[in-house]
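Residue numbers (our numbering), protein chains in the order written: chain A, 2 to 310; chain B, 17 to 265. Structure first, commentary second.
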Amino acid sequence: MSILVIAEHDNQRLKPSTLSTLAAAQQIGGEIALLVAGNGCAGAAKAAAKAEGVSKVLLADNPAYDHELAENMAALIVSLADGYTHILAPATANGKNFMPRVAALLDVAQISDIIAVKAPDTFARPIYAGNAIATVQSLDAVKVITVRGTAFDAVAAEGGNAPIETVSQVEESGLSRFVAEEMAQSDRPELTSARVVIAGGRGMADSEHFHLLEKIADKLGGAVGATRAAVDAGFAPNDVQIGQTGKIVAPELYIAVGISGAIQHLAGMKDSKVIVAINKDEEAPIFQVADYGLVADLFTALPELEKAL
Amino acid sequence: MKVLVTVKRVIDYNVKVRVKSDHSDVDLNNVKMAINPFCEIAVEEAVRLKESGQASEVVAVSLGPQAAQEQLRTALALGADRAILVQSDEPLESLAVAKLLAKVVEKEKPDLVLMGKQAIDTDNSQTGQMLAALKGMGQATFASELKIEGDQAVVTREVDGGLQTIAVKLPAVVTADLRLNEPRYASLPNIMKAKRKPLETLTPADLGVEVKAHTKLLQVEPPPERSAGIKVADVAELVDKLKNEAKVI
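And the structure:
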C-alpha cells in the first residue's frame, strides 16, 4: 500500500491535524508521501520532512495553491494520485473543501471524517451527529478519506529525515480567486488541538461575559469555545462554535459553562477526556456526560475558579 | 439567472436517533422526516435571489424515495417555482447523487446551484463539491454570505479560524452554512399554492446514470456511552479533583 497525505499547514509549520492524519495513515500501513501545497511553503515542507513516518515530501510551491482553492488543489492531487492506494487529508475546512472534488475526479467514494481504521479498506465514522458510529468498507481501488484529527494521537513532529521532491506542474483552473480573509487574532491555542477547552453557552448571557472564560483559558493555556446557541445570540464568533455543525474537539479537559447540553453540542465535545460542567440548573443534560458537575451560578463560580487556579 | 437548489429528505433534527437492534443501520421507521436544515437555508437563499430580482427561476431538486415529494412541496411553499424528483428507493451515495445532479444540470443549465453544506444524516459534506468537480464548475462551500456580481459569485466562507471571501465564476456550486440566512416559515396560502406547482419525477435510468455502490455499510453501532460522574460541592472541591484525581491541571 502507498498513501498520499495532504498536509494542513500555515506555510511555516504543519498544523497538528496533519500529524494526526499521519497517525491514521500509519495505522493503514505502507509508504507515506506527504504533499505540502501552498505559496511560499518551503518552511512547512522542511517541517514535513521531519515528521515521523513520512518517506517523502512532495512540495508544490506556487501562487496557484495560495489559500488552497479547491479547484486547483483537487487538480494537483489528482495529477499526483497515480500509484497511491489511499489519499488522506485532515477533515478541516480545507480538506472538506477539496477532497470530495478529488474523489469525484477519480470516480471513487470519499469516506468522510474517519475516527478509526478497522482494516486498510474499512473505517469507522460518526453519522447522525455522532449518535451512531458506522463501519464502512470502501469498494474502490483508491480510498479517498478525511480524518478527524481528535480521534488519532499525533505522530512525533521531529525525528524524521525524508527527502523533499519538488512538484513542477502547476494546476490553475481560473475558476475561482481569493478576495480577502478575516482571521480571528488570538494567542491562545487552536480550538481543535488545545489541551484544555473552556466553552460558554446561552447561560453566559452576554458577549462581555466571555472574558470570564478567557481569563481561565489563559491560566490553563486553553482555548475558548461556544455553543451554537451562544453563537446565534451573538456572544461569540462562529469559528469557535463546537458541535455537529461546528468544530469537533476532544481535549484533556473540557469545561462547559452555562451549557445545557443539546445533542448537537455534545456531538462536538463528548470525546473529551475529562468533562466539567458548571450550570445553575441541576437538571441540565450536560451533567449526564460530565465527570465533575458543579451546580452553581457561573458569575460567582468563574471568578472563584480563576482565583483558585 | 436560473437557480437550481437541492433538498434532501432526512430525519428531523429534533428526533433522537436509535440504532436498529441488529446493528444494520439506524431505525427510520415511523420517524418524523424533514428537509435537511442546510438545504432549507439554500432554498431560502435561492428564493431571496428571486425576490431581489437577481434570479428569474428557482428549481428545487431532490433525490430519494417517492416520499421526498413532501420536502419538494415544502421547498415550493417556501418560494421555489417548480420541482424535480429523481426517484430512487435504494439509498444513494454522494457520488451517485452528484452524477445524477450533473445530468439534471446538463438539462436545466442553471447559472447557480445552491446546496446545503452537509446532510445531518450521513454528515458527509461531499455532494456539492463532487457535483462541481463532475461539471468542471467552481465551488464555494460553507457560505455565510453570497453576492452575485455580474458573471461571478462573491462568497464569504466559514473556514477554520475565521472567514474567507472568494470570487467564483458562474455557473458555480455554492453550499450553505448556518449563518447564510434564517429561513422563513411557509405560510398557509403558500403551502396551498405549492400543491399546484409543477413537480416532475425522473428515474436514474431516465437520466442515463447507472447507480453503483462504492462503499458497503458493514454495521452501525450506538456510540460509547459516557456515564455521569459526580457532583462537587464548590469550586475548591472541583479544583482539588482536577488536580489530584483527574490530574489534568
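Built from N, CA and C at the ideal position, the CB exists for glycine as well.
Less than 8 angstroms between the CB atoms is what I'm expecting for residue i and residue j, so what's the real figure, rounded?
| i | j | result |
| --- | --- | --- |
| residue 205 (chain A) | residue 231 (chain A) | 6 angstroms |
| residue 297 (chain A) | residue 281 (chain A) | 6 angstroms |
| residue 19 (chain B) | residue 91 (chain B) | Going by Cβ atoms, the distance from residue 19 (chain B) to residue 91 (chain B) rounds to 12 angstroms, so no, they are not a contact pair. |
| residue 101 (chain A) | residue 146 (chain B) | 5 angstroms |
| residue 107 (chain A) | residue 145 (chain A) | 7 angstroms |
| residue 189 (chain B) | residue 148 (chain B) | 4 angstroms |
| residue 38 (chain A) | residue 6 (chain A) | In fact, because the Cβ distance is near 12 angstroms, the residues do not count as touching under 8 angstroms. |
| residue 65 (chain A) | residue 36 (chain A) | Actually they are not in contact, since the Cβ atoms of residue 65 (chain A) and residue 36 (chain A) sit about 14 angstroms apart, beyond 8 angstroms. |
| residue 41 (chain B) | residue 233 (chain B) | 7 angstroms |
Measuring from the CB of residue i, is there a heavy atom of the ligand NAD at a distance below 8 angstroms?
| i | result |
| --- | --- |
| residue 136 (chain A) | As for the ligand NAD, it is missing from this structure, which has no ligand bound. |
Residues of chain B with CB under 7 angstroms from residue i, in chain order?
| i | result |
| --- | --- |
| residue 253 (chain A) | 264 |
| residue 1 (chain A) | This structure cannot settle anything about residue 1 (chain A), because the visible part of chain A is limited to 2 through 310. |
| residue 246 (chain A) | 194 |
| residue 179 (chain A) | 182 |
| residue 21 (chain A) | Correct list: empty, because the minimum Cβ distance to chain B is about 14 angstroms. |
Could you tell me which chain A residues have their CB closer than 8 angstroms to the CB of residue i, listed as they occur along the chain?
| i | result |
| --- | --- |
| residue 236 (chain B) | 128, 133, 134, 135 and 136 |
| residue 251 (chain B) | 295, 297, 302, 305, 306 and 309 |
| residue 100 (chain B) | Result: empty, since nearest Cβ-Cβ is about 21 angstroms, beyond 8 angstroms. |
| residue 165 (chain B) | Residues of chain A passing the Cβ test: none, with the nearest at roughly 11 angstroms. |
| residue 161 (chain B) | Those within 8 angstroms of residue 161 (chain B) in chain A number zero; the least Cβ separation is about 11 angstroms. |
| residue 229 (chain B) | 140 |
| residue 79 (chain B) | The contacting residues do not exist; residue 79 (chain B) stays about 16 angstroms from chain A at best. |
| residue 223 (chain B) | Ordered by position in chain A, no residue passes the 8 angstroms Cβ test against residue 223 (chain B), which lies about 17 angstroms from the chain. |
Roughly how many angstroms lie between the CA atoms of residue i and residue j, to the nearest whole one?
| i | j | result |
| --- | --- | --- |
| residue 43 (chain A) | residue 58 (chain A) | 11 angstroms |
| residue 84 (chain A) | residue 3 (chain A) | 7 angstroms |
| residue 15 (chain A) | residue 29 (chain A) | 21 angstroms |
| residue 1 (chain A) | residue 67 (chain A) | No information on residue 1 (chain A) is available, as it lies outside the stretch 2 to 310 that chain A covers here. |
| residue 104 (chain A) | residue 219 (chain B) | 24 angstroms |
| residue 82 (chain B) | residue 88 (chain B) | 10 angstroms |
| residue 62 (chain B) | residue 68 (chain B) | 10 angstroms |
| residue 194 (chain B) | residue 57 (chain B) | 7 angstroms |
| residue 12 (chain B) | residue 87 (chain A) | Since the first residue shown for chain B is 17 and the last is 265, residue 12 (chain B) is missing from the structure and cannot be characterised. |
| residue 225 (chain A) | residue 129 (chain A) | 25 angstroms |
| residue 240 (chain B) | residue 29 (chain B) | 21 angstroms |
| residue 152 (chain A) | residue 201 (chain A) | 23 angstroms |
| residue 47 (chain A) | residue 40 (chain A) | 14 angstroms |
| residue 302 (chain A) | residue 218 (chain A) | 15 angstroms |
| residue 147 (chain A) | residue 264 (chain B) | 30 angstroms |
| residue 267 (chain A) | residue 111 (chain B) | 29 angstroms |
| residue 140 (chain A) | residue 125 (chain A) | 15 angstroms |
Short of 6 angstroms in beta carbon distance, which residues of its chain neighbour residue i, apart from the five on each side in sequence? Order them along the chain.
| i | result |
| --- | --- |
| residue 70 (chain A) | 177 |
| residue 26 (chain B) | 52, 135, 136 and 137 |
| residue 164 (chain B) | 70 |
| residue 292 (chain A) | 275 and 276 |
| residue 99 (chain A) | 71, 74 and 75 |
| residue 152 (chain B) | none |
| residue 123 (chain A) | 138 |
| residue 213 (chain A) | 303 |
| residue 179 (chain B) | 172 |
| residue 252 (chain A) | 195, 196, 197, 198 and 273 |
I want to verify the contact list: residues of chain B whose CB lies under 9 angstroms from the CB of residue i, in sequence order.
| i | result |
| --- | --- |
| residue 97 (chain A) | 133, 134, 141, 142, 145, 157 and 158 |
| residue 189 (chain A) | Simply none; closest approach about 12 angstroms. |
| residue 176 (chain A) | 148, 152, 153, 154, 155, 184, 185 and 188 |
| residue 288 (chain A) | 244, 245 and 247 |
Can you name the residues of chain B whose CB is closer than 8 angstroms to the CB of residue i?
| i | result |
| --- | --- |
| residue 123 (chain A) | 234 |
| residue 294 (chain A) | 244, 245, 246, 247 and 248 |
| residue 87 (chain A) | Near residue 87 (chain A) there are no residues of chain B at all, since even the closest Cβ is about 14 angstroms away, more than 8 angstroms. |
| residue 207 (chain A) | In chain order: nothing, as chain B lies at least about 20 angstroms away. |
| residue 216 (chain A) | By Cβ distance, chain B contributes nothing, its closest Cβ being about 14 angstroms from residue 216 (chain A), past 8 angstroms. |
| residue 93 (chain A) | 176 |
| residue 271 (chain A) | 239 and 242 |
Using a C-beta to C-beta distance shorter than 7 angstroms, which residues of chain A count as neighbours of residue i?
| i | result |
| --- | --- |
| residue 257 (chain B) | 293 |
| residue 22 (chain B) | Within chain A, no residue comes near residue 22 (chain B); the closest Cβ sits about 15 angstroms away, beyond 7 angstroms. |
| residue 138 (chain B) | 128 |
| residue 35 (chain B) | 133 |
Below 7 angstroms CB to CB, which residues in the same chain sit around residue i once its five sequence neighbours on both sides are set aside?
| i | result |
| --- | --- |
| residue 116 (chain B) | 79, 102, 220, 223 and 225 |
| residue 119 (chain B) | 223, 224 and 225 |
| residue 294 (chain A) | 278 and 288 |
| residue 100 (chain B) | 75, 77, 120, 216 and 218 |
| residue 191 (chain B) | 131, 132, 133, 144, 157, 158 and 159 |
Who are the near neighbours of residue i in its chain, counting only those whose CB is closer than 8 angstroms to its CB and skipping five residues on each side?
| i | result |
| --- | --- |
| residue 161 (chain A) | 50, 51, 52, 53, 54 and 55 |
List, in order along the chain, the chain A residues whose C-beta lies closer than 9 angstroms to that of residue i?
| i | result |
| --- | --- |
| residue 109 (chain B) | 110 |
With a floor of 3 residues, list each beta strand (DSSP E) that falls wholly inside the stretch 49–134 of chain A, ordered by position along the chain. Counting only runs of 3 or more, we get 57–62, 87–91, 111–115, 117–120 and 123–128.
Please list the segments of the beta strand (DSSP E) lying wholly inside the stretch 148–188 of chain B, counting only runs of 3 or more residues, in order along the chain. Qualifying beta strand (DSSP E) stretches, in chain order: 154–165, 168–175 and 178–185.
Write down every uninterrupted run of the alpha helix (DSSP H) in the stretch 66–137 of chain B whose length is 4 residues or greater and which is fully enclosed by it, in chain order. Qualifying alpha helix (DSSP H) stretches, in chain order: 85–94 and 110–124.
Report the start-end ranges of each beta strand (DSSP E) in the stretch 32–60 of chain B that is 3 residues or longer and not cut off at the edges. Look at the stretch 32–60 of chain B and you find these whole runs of beta strand (DSSP E), each 3 residues long or longer: 49–51.
Of all the alpha helix (DSSP H) runs that stay within the bounds of the stretch 10–34 of chain A, which reach a length of 4 or more residues? Correct list: 17–29.
Every unbroken alpha helix (DSSP H) within the stretch 172–257 of chain A, with a cutoff of 4 residues, ordered by chain: Counting only runs of 4 or more residues that sit fully inside the stretch 172–257 of chain A, the alpha helix (DSSP H) segments are 211–221 and 229–233, in chain order.
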